[in-house]
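Q: Its first residue numbered 167, the sequence shown is counted upward by one per residue in our numbering. Where is the CB? At the ideal position from N, CA and C, for every residue including glycine. This is the structure, below, for whatever I ask next.
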Amino acid sequence: MTSENGTGLWPNGDRPVALRDLAELSGLSEPEVLELVEYGALTPADDATGQWMFGVQAITIARTAHRLREDFELEPHSVSLLLACLDRIRELEAQLRTLRAQLPR
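Structure below.
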């Protein structure tokens with residue numbers, strides 16, 4: 167399921183990541199990952215086995231959450247709020263790029 171990428175293990179392709187693996191790959195504890203789910207920063211995928219599985223993108227989100235928590239000593243709710251703001255900024259930047267591309271040159 168994982169391969170070495172020079173900085174640790176990274177899941178291959180679109181295969182889901184288990185809660186335990188997400189915690190290990192991000193530097194967060196399992197309870198911290200669960201708090202991020204509770205606050206809506208991470209969304210587990212449906213899994214027939216009853217275990218929470220996450221998409222590969224969740225690793226990037228969880229690693230960012232870990233950095234924010236460590237760098238700014240934030241509580242999980244604050245980290246979730248900041249992650250939502252960062253996501254909104256990315257959306258707005260993408261819209262701005264699209265609009266700028268439509269302008270006459």
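So the alpha helix (DSSP H) residue 242 belongs to, where does it begin and stop?
A: 242-268
Q: Please go through the same chain and pick out, in chain order, the residues whose beta-carbon is closer than 8 Å to the beta-carbon of residue 199, but skip the five residues on each side of it.
A: Cβ-Cβ distances below 8 Å link residue 199 to 185, 188, 189, 192, 208, 228 in the same chain, with the five nearest sequence neighbours on each side left out; the list follows chain order.
Q: Rounded to a whole number of angstroms, what is the C-alpha to C-alpha distance between residue 235 and residue 214?
A: 32 Å
Q: Report buried or exposed for residue 232, applying the criterion of at least 16 other Cβ atoms within 10 angstroms of its Cβ.
A: buried
Q: Please find out if some non-hydrogen atom of the ligand FAD comes closer than 7 Å to the beta-carbon of residue 182.
A: The ligand content of the structure shown is nil, which means the ligand FAD is not present either.
Q: Using beta-carbon positions only, say whether residue 211 and residue 242 come within less than 8 Å of one another.
A: no
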